[in-house]
Structures are given as C-alpha cells and as structure tokens.
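Same order as they appear, the protein sequences are chains A and B.
The opening residue of the first sequence carries number 1343 in this note's numbering; numbering runs sequentially from there.
The opening residue of the second sequence carries number 350 in this note's numbering; numbering runs sequentially from there.
Cβ atoms here follow ideal geometry from the backbone N, Cα and C, with glycine treated the same way.
Heads up, the thing below is written out as structure tokens.
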Amino acid sequence: GAVVSQHPSRVICKSGTSVKIECRSLDFQATTMFWYRQFPKQSLMLMATSNEGSKATYEQGVEKDKFLINHASLTLSTLTVTSAHPEDSSFYICSAVGPSGDSPLHFGNGTRLTVT
Amino acid sequence: QQQVKQSPQSLIVQKGGISIINCAYENTAFDYFPWYQQFPGKGPALLIAIRPDVSEKKEGRFTISFNKSAKQFSLHIMDSQPGDSATYFCAAETSGTYKYIFGTGTRLKVLA
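Structure follows, in structure tokens:
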C-alpha cells in the first residue's frame, strides 16, 4: 500500500518551453504532497508543499512563478516548470503523507528533466 | 541547526561485512529519524525508522542505533550484499511537520 507514482519518468524539453510532471497517490488519498529537487550525487532539497484545494507553500529561494504547483484532487499534484532553462535540468521527486496521516513519507520514483 | 550531518560520503564494504553510516543533528525538536535507500534513477525507499524513545531498532539485516544525548544515530547493515549497493540518506523530522531534513547521502558499494 501507499504507492506514489510519478509521470513521466524522463522528459527532455527545449529551452523556453514548459513541462508538467504528475504525482499521484495510487491507493490512498493524499491531502499533502511535497516536491523535491535533487542534483546529481546530492541530497534532496524540499521545494514546496502542495496542499489539496489551496495554494502551495514554497521554500525560501524557490521561484513560485517558475515552479507552478497544482493539487486539484486528493490523489494528484502537478509540478509545472515554466519557461525551462538548462539550469532547471534536475531530478524532481514528489512524496506524499501516507494514509495514516503520519510519517513516513512515501516517495515517487522521480522525474529526470533535461532541458536542451 | 536544521542540518543533519552524514558520514561517510562513500563506503566500500566486502560482501558479508558490516556497513555503518552515521548521522548527527542539532535540533532537539526532531523526533523522527528515517533512513532511505535510493538506487540510481529511482526515488528514495524507506528502509527503517526510529523515534527517540528507543535506543535501537532492528529489521532484518538493518539496525538503527540511536544516542539521544549525543544527538547521533547510525545505520548498520549486517551481512552486506552487492544488492545493497545504493545511496543511503538519513533524515530527521519534527513530527507533524513532514519537513524532512535529509543528510548529504552515503554511496555504498558492496564488493562481490
């Protein structure tokens, strides 16, 4: 149980275009999801907290107009990287609070974004 | 104060050996300490977790040792196998915040 699915697993886009990444909780409802960014051989950095039915909360230094988050249902959060640039290339991972409403967090398998 | 320091950065162990990864924290408000395993190109998967009310927790070949007074915790992988070769992250959280502070990761390689 408590499976989190991300789609796509890999995406390549051209500079200046926008890319949408989906994060779904498959067998439970997730009122809260989280988006992370991970650079090669580095740790996970929390970008934002996605709350169903309300605005996302962004961590300091994360551009909310560049990384648009929408949590329109209890099982789906989306991250849109707008006007992507090569420096946005990274591994993006989402997580969700499990059905018990308590830790641990359940992570998706990540999306490798490459901006050319 | 929000940092979690993890060491070593990389570790090479012979098959059958014990792998030990250490983490230290400063924030005494942290009360949940999970360990995650991550394979290349995949998301982190929970291995084992501990709360400060116990000093040790064992699940199969994985053991967490927790020293509350020293604000340190460690992961021991017994009988390490080549399939354990991955990056391991410790994390810390204050319950209810869901804001995990991750360590910097340890790349483990188990030689066959």
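So if DSSP puts Ile397 of chain B in a beta bridge, which residue, or which two residues, is it bridged to? For the purposes of this step, residue 397 of chain B is taken as the residue at position 48 of the second sequence. Beta-bridge pairing by DSSP links Ile397 of chain B to B:Trp384.
So, are the CB atoms of Thr1422 of chain A and Ser1360 of chain A less than 8 Å apart? For the purposes of this step, residue 1422 of chain A is identified with residue 80 of the first sequence, where counting begins at 1. For the purposes of this step, residue 1360 of chain A is identified with residue 18 of the first sequence, where counting begins at 1. Contact annotation: Thr1422 of chain A and Ser1360 of chain A have beta-carbon atoms nearer than 8 Å.
Take Arg1366 of chain A and list the residues in its own chain whose beta-carbon comes closer than 6 Å to its own, dropping the five residues that flank it on each side. For this step, residue 1366 of chain A is matched to residue 24 along the first sequence. Leaving aside the five residues that flank Arg1366 of chain A on each side, the residues in its chain whose CB is nearer than 6 Å to its CB run, in chain order, Ser1347, Thr1417, Leu1418.
Which residues bound the beta strand (DSSP E) around Leu1421 of chain A? The count along the first sequence starts at 1 and reaches residue 1421 of chain A at position 79. Its beta strand (DSSP E) spans residues 1418-1423.
Decide yes or no for the touch test of the stretch 1349-1358 of chain A against the stretch 1403-1415 of chain A: beta carbon pairs closer than 8 Å, at least 3 of them. Using a C-beta cut-off of 8 Å, the stretch 1349-1358 of chain A makes no contact with the stretch 1403-1415 of chain A, since fewer than three inter-stretch Cβ pairs fall below that distance.
Count the other CB atoms, across all protein chains shown, that sit within 10 Å of the CB of Glu1429 of chain A; report buried if there are 16 or more and exposed otherwise. By one-based count along the first sequence, residue 1429 of chain A stands at place 87. Exposed, because fewer than 16 other Cβ atoms sit within 10 Å of the Cβ of Glu1429 of chain A.
Give a yes or no on whether the C-beta atoms belonging to Pro393 of chain B and Asp380 of chain B are separated by under 8 Å. In the second sequence, the residue the question calls residue 393 of chain B occupies position 44. In the second sequence, the residue the question calls residue 380 of chain B occupies position 31. No.
Where does Glu408 of chain B fall in DSSP's three states? The residue labelled residue 408 of chain B in the question sits at position 59 within the second sequence. If DSSP states are grouped into helix, strand and coil, Glu408 of chain B belongs with the strands.
Rounded to whole angstroms, what's the CA-CA distance from Asn1470 of chain A to Thr455 of chain B? Just pull it up for me. This structure leaves residue 1470 of chain A out entirely; chain A is present only between 1343 and 1458.
Exposed unless 16 or more other CB atoms sit within 10 angstroms - verdict on His1471 of chain A: Nothing in the structure corresponds to residue 1471 of chain A, since chain A is present only between 1343 and 1458.
Buried or exposed by the 16-neighbour rule on C-beta atoms within 10 Å, applied to Phe438 of chain B: Mapped onto the second sequence, residue 438 of chain B falls at position 89. Buried, by the Cβ-count rule.
Let me make sure I understand the geometry here. Which of B:Ser368, B:Pro383, B:Ile450, B:Ala441 has the alpha-carbon closest to that of Arg410 of chain B? Here residue 410 of chain B refers to the residue found at position 61 when the second sequence is read from its first residue. When each option's Cα is compared against that of Arg410 of chain B, the closest is B:Ser368.
Could you check what DSSP says for Glu1429 of chain A in three-state terms: helix, strand or coil? Along the first sequence, one-based indexing puts residue 1429 of chain A at 87. DSSP places Glu1429 of chain A within a helical segment (H, G or I) once states are collapsed to three.
Whose C-beta lies closer than 6 Å to the C-beta of Thr1420 of chain A among residues of the same chain, with five residues either side of it excluded? On the first sequence, residue 1420 of chain A is found 78 positions in, with the first residue counted as 1. Within its own chain, the residues whose Cβ lies closer than 6 Å to the Cβ of Thr1420 of chain A, once the five positions on either side in sequence are excluded, are Lys1362, Glu1364, Asn1412, listed in chain order.
Could you say if the stretch 1377-1384 of chain A and the stretch 1434-1448 of chain A meet the contact criterion of at least three C-beta pairs nearer than 8 Å? Yes: the two stretches touch, three or more of their Cβ pairs being nearer than 8 Å.
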